[in-house]
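Chemist:
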Amino acid sequence: MTGHVDLRGAVCLVTGASSGIGRATALRMARSGSRVVLLGRDRPALDEVAAKISGTVIVADLADPAEVERAAAESLAVAGRVDILI
């Protein structure tokens, strides 16, 4: 075993992707070959990250259960599936 997981082609939904750990994780997942769906509240910051990695942006506040439902449905609509949720 090499300890390396092949993430090429995996669909990764990253919450909090506009800054900090979420942003860094989204960038890393994209470098690993994943298709990244960026989720957060700050549209301009999400757009900046998306431009670097050709990611898909979904703006939502996950503190609101209705927003969680909408974001989940939108993620599946744009990506077809979610393999990894962060």
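Numbering follows our numbering, in which position 2 of the sequence shown is assigned residue number -1; successive positions increment by one, without gaps. The beta-carbon is built from N, C-alpha and C at its ideal position, and this holds for glycine as well.
1) In the DSSP assignment, what are the bridge partners of Gly12?
2) How many whole angstroms separate the CB atoms of Ala23 and Val8, which I take to be in contact at a CB cut-off of 8 Å?
3) Measure the alpha-carbon distance for Asp39 versus Val56 and round it to whole angstroms.
4) Who pairs with Leu82 in a beta bridge, going by DSSP?
5) Tell me which residues share the same chain as Ala72 and place their Cβ nearer than 7 Å to its Cβ, disregarding the 5 neighbours each side in the sequence.
Modeler: According to the structure data:
1) Contrary to the premise, residue 12 reads as Thr rather than Gly in this sequence. In the DSSP output, where bridge partners are listed per residue, Thr12 has Leu36.
2) Ala23 to Val8, Cβ: 13 Å. No contact.
3) 7 Å
4) Leu10
5) The amino acid occupying residue 72 in the given sequence is Ser; Ala does not appear at that position. Same-chain partners within the cutoff: Leu10, Val34, Ile55 and Val79.
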